[in-house]
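J.:
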Amino acid sequence: MSRETTQSGNRHKTLGVLGDGQLGRMFVQAAQRLGFEAVVLAPQANLHGAPSPAAQVSHHAITADYGDTVALKQLAAQCFAVTTEFENVLADSLALLAKPEHHVRVSPKADAVRIAQNRILEKAHFQSCGVPTAPYVVIDSQQQLGAVPPDFYPAILKTARMGYDGKGQVTVRSAAELRAAWQGLSQVACVLERRLTLASECSVLLARDESGQLIHWPVQRNVHVNGILSTTEVDLAPLATDAQLIRAAQTIATDMAYVGVLCIEFFILQDGAWVVNEMAPRPHNSGHVTMDASSLSQFEAQVRVAAGLPLVQPRQHASCVMVNLLGDLWFDGATDTTPREPDWAKVLALGNAAVGVHLHLYGKAQARRARKMGHINVTASNLTAAWQTVSSIQHILH
Ligand code: ADP
Ligand code: MG
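Numbered by the working numbering, the letters in the sequence shown go through residues 10 to 407 in order.
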């Protein structure tokens with residue numbers, strides 16, 4: 010653990026965050042807008058004097074592992090509330106911070122993170138809420154491998170823990186492929202899900218505070234490419250099934266007494282039926298649309314819950330398309346090895362009185378393919394206008 014941080018005399022107005030990526034950075038920026046200071050704790054927060062995306066914008070940074078109890082106590086001494094930017098942070102660390110002697114507000118709670126970080130517990134929670142999931146079986150023994158019915162394929166084997174952006178997932182078409190795939194994943198606990206034919210994907214973002222006050226944003230429609238979110242759109246006008254998805258999301262949050270920002274992903278099937286996929290106990294990439302199209306951003310909501318400020322139902326004031334900016338855009342074609350900054354001036358010039366072009370860059374030192382470097386929100390009075398500008402942006406960037 011490094012102690013390059015200065016001790017803050019402003020504990021009562023400092024918020025802490027575990028993790029230091031772009032989600033932590035945007036949390037810190039929202040916190041500062043409301044007059045708070047911020048402290049981040051992460052293993053690489055300030056390694057070799059190169060601050061991470063969140064550490065760049067924070068008053069204080071603690072470079073330490075998430076399980077480092079000395080560092081966690083130092084964090085608790087510096088702030089009055091702690092939150093996290095990702096679910097693979099140790100739930101035990103949140104439990105330690107929440108001990109009464111630390112006098113720190115913790116959101117989300119360790120119990121909820123324990124469920125959300127493990128696909129087996131997560132699916133069991135969805136089922137206990139009466140919310141439909143894709144057919145699945147738990148795989149954590151040879152015996153269970155043998156018990157998968159032949160008509161279950163094609164299926165997707167997903168590690169129970171530590172998966173994101175399609176990592177830790179293998180599509181399998183037969184018992185033999187399943188056996189090999191599980192071997193390839195070192196036989197860790199997994200779920201095997203039937204691969205469904207999706208008509209579309211969407212997510213519901215909500216926030217819930219200690220008193221049970223629950224707010225939500227309009228349903229977000231998501232397009233993934235190679236397992237990574239590519240675009241999200243939100244319309245001012247809801248679809249017929251949206252109310253059902255929002256109700257399911259509310260039940261999932263309430264039944265685990267959730268506190269914080271929660272994002273729940275759904276699959277819409279060809280016949281119009283839907284199933285829940287997974288949830289993230291934090292702000293979510295698809296929720297970035299809230300930064301420019303809503304009266305309340307997901308990061309401000311996270312700040313409000315952390316700090317004990319009121320949650321109010323947000324007002325959507327524009328249709329919006331969010332475009333993720335992956336590191337691939339920094340390279341000319343597949344063989345190029347020298348990254349160069351895209352022409353942001355050209356992109357920004359596309360905004361006008363009817364269409365807003367909002368560029369968000371995460372301050373990552375190096376562009377790498379498939380790495381999330383930033384995003385652009387395009388806002389307009391309708392989606393057609395927003396998509397027109399998105400295609401002009403894509404023309405410039407590609
Ligand atoms: P991650 O944690 O990587 O986001 P997901 O379970 O959300 O993992 O899977 C990533 C993407 O893979 C999904 O958004 C979807 O496009 C596709 N996918 C995942 N599970 C299924 C499934 N059972 N059937 C069809 N597509 C799936
Ligand atoms: Mg997902």
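From the three backbone atoms N, C-alpha and C, an ideal C-beta is built for every residue, glycine too.
Going by DSSP, which residues form a beta bridge with M331?
T.: M331 pairs with T241, N386.
J.: Give me, in chain order, the residues of the same chain whose beta-carbon lies closer than 6 Å to that of A54; leave out the 5 immediate sequence neighbours on both sides.
T.: Result list for A54: D29, S61, A64, A70, T72, in chain order.
J.: Leaving out five residues before and five after L205 in sequence, what residues of the same chain have Cβ atoms less than 8 Å from its Cβ?
T.: Closer than 8 Å at Cβ, skipping near neighbours: A143, F276, L278, V284.
J.: With DSSP run on the structure shown, which of helix, strand or coil describes L370?
T.: Here L370 sits in strand by DSSP.
J.: If you measure from the CB of E94, is any heavy atom of the ligand MG nearer than 6 Å?
T.: Outside the cutoff, so no.
J.: Do E287 and the ligand MG come close, with the Cβ less than 6 Å from some heavy atom?
T.: Checking every heavy atom of the ligand MG against the Cβ of E287, one is found closer than 6 Å.
J.: For P247 and A104, what's the separation of their Cα atoms in angstroms?
T.: Their Cα atoms are separated by approximately 38 Å.
J.: Hey, how far is the Cα of A119 from the Cα of L106?
T.: Each residue's Cα considered, the two are about 10 Å apart.
J.: Excluding sequence positions up to five away, which residues of its chain have a Cβ less than 6 Å from the Cβ of M35?
T.: Cβ neighbours of M35 beyond the five flanking positions: F308.
J.: Is DSSP giving Q322 helix, strand or coil here?
T.: Coil, per DSSP.
J.: Cutting at 6 Å between CB atoms, please list the residues of its own chain near S328, excluding the five before and the five after it.
T.: D244, L245, A389, N391, L392, A395, listed in sequence order.
J.: Quick check on the DSSP output: what are the complete alpha helix (DSSP H) runs of length 4 or more inside the stretch 18-46, in order along the chain?
T.: Entirely contained in the stretch 18-46, the alpha helix (DSSP H) runs reaching 4 residues are, in chain order, 31-42.
J.: What span of residues does the alpha helix (DSSP H) with G155 cover, start to end?
T.: Its alpha helix (DSSP H) spans residues 151-155.
J.: Can you tell me whether F308 is helix, strand or coil according to DSSP?
T.: Three-state DSSP puts F308 in a helix.
J.: Is R12 helix, strand or coil by DSSP?
T.: Bear in mind that the predicted position of R12 carries a pLDDT of just 41, short of 50, making it unreliable; the figure below should be weighed with that in mind. Coil at R12, not helix or strand.
J.: Compute every distance between the C-beta of E131 and the non-hydrogen atoms of the ligand MG, then say whether any falls below 6 Å.
T.: No, the beta carbon of E131 sits no closer than 6 Å to any heavy atom of the ligand MG.
J.: Quick one: grab the DSSP three-state call for S209.
T.: The answer is strand: DSSP assigns S209 an E or B state.
J.: Going by C-alpha distance, which of R128, N97, L24 is nearest L43?
T.: The candidate whose alpha carbon is nearest that of L43 is L24.
J.: Provide the residue span of the alpha helix (DSSP H) that contains T78, from first to last.
T.: Note, T78: alpha helix (DSSP H), 78-87.
J.: Do E94 and A125 come within 7 Å of each other at the CB atom, strictly closer than that value?
T.: Result no, Cβ atoms of A125 and E94 do not sit closer than 7 Å.
J.: So, L318 versus I224, is the Cβ gap smaller than 7 Å?
T.: Going by C-beta atoms, L318 is not nearer than 7 Å to I224.
J.: Between which two residues does the beta strand (DSSP E) containing A262 stretch?
T.: Run containing A262: none in the beta strand (DSSP E); it sits in the alpha helix (DSSP H), 251-263.
J.: Would you check whether the ligand MG has a heavy atom nearer than 6 Å to the C-beta of E202?
T.: Answer for E202: no, Cβ out of range of the ligand MG.
J.: Where does Q375 fall in DSSP's three states?
T.: Looking at Q375 - three-state DSSP - the assignment turns out to be coil, as it is neither helix nor strand.
J.: Which residues does DSSP list as the beta-bridge partners of I148?
T.: In DSSP, I148 forms a bridge with C199.
J.: Examine the ligand MG and report whether any of its heavy atoms sits within less than 6 Å of the Cβ of E210.
T.: No, Cβ of E210 sits at least 6 Å from all heavy atoms of the ligand MG.
J.: Going by Cα to Cα distance, which pick from L334, A121, A184 is closest to F161?
T.: The shortest Cα separation from F161 among L334, A121, A184 belongs to A184.
J.: Taking D337 as the reference, give the member of Q152, R378, L27 with the closest Cα.
T.: Checked all of Q152, R378, L27; the closest Cα to D337 is R378.
J.: Specify the secondary structure class of A90 as computed by DSSP and reduced to three states.
T.: Of the three classes helix, strand and coil, the one that applies to A90 here is strand, per DSSP.
J.: Can you tell me whether E219 sits near the ligand ATP, meaning its C-beta is under 6 Å from at least one heavy atom of the ligand?
T.: Within the structure as shown, the ligand ATP is missing, the only ligands being the ligand ADP and the ligand MG.
J.: Whole angstroms are fine: how far does the CA of A156 sit from the CA of L194?
T.: Between L194 and A156, the C-alpha separation is close to 19 Å.
J.: With a Cβ-Cβ cutoff of 7 Å, do T241 and S295 count as a contact?
T.: Yes, Cβ-Cβ distance for T241 and S295 is below 7 Å.
J.: If I measure Cβ to Cβ from H384 and keep anything under 7 Å in the same chain, skipping five residues before and after, which residues do I get?
T.: Within the same chain, H384 has close Cβ partners H297, M331, V332, N333, L334, H369.
J.: Restricting to Cα atoms, I'd like to know which of E350, R217, V232, S239 is closest to T263.
T.: Among E350, R217, V232, S239, the Cα nearest to that of T263 belongs to R217.
J.: Please determine, among R182, F340, A47, T260, the residue with the shortest C-alpha to C-alpha distance to Q222.
T.: Cα-wise, what sits closest to Q222 is T260.
J.: Among all the DSSP beta bridges, which residues are the ones paired with W283?
T.: Bridge partners of W283: I277.
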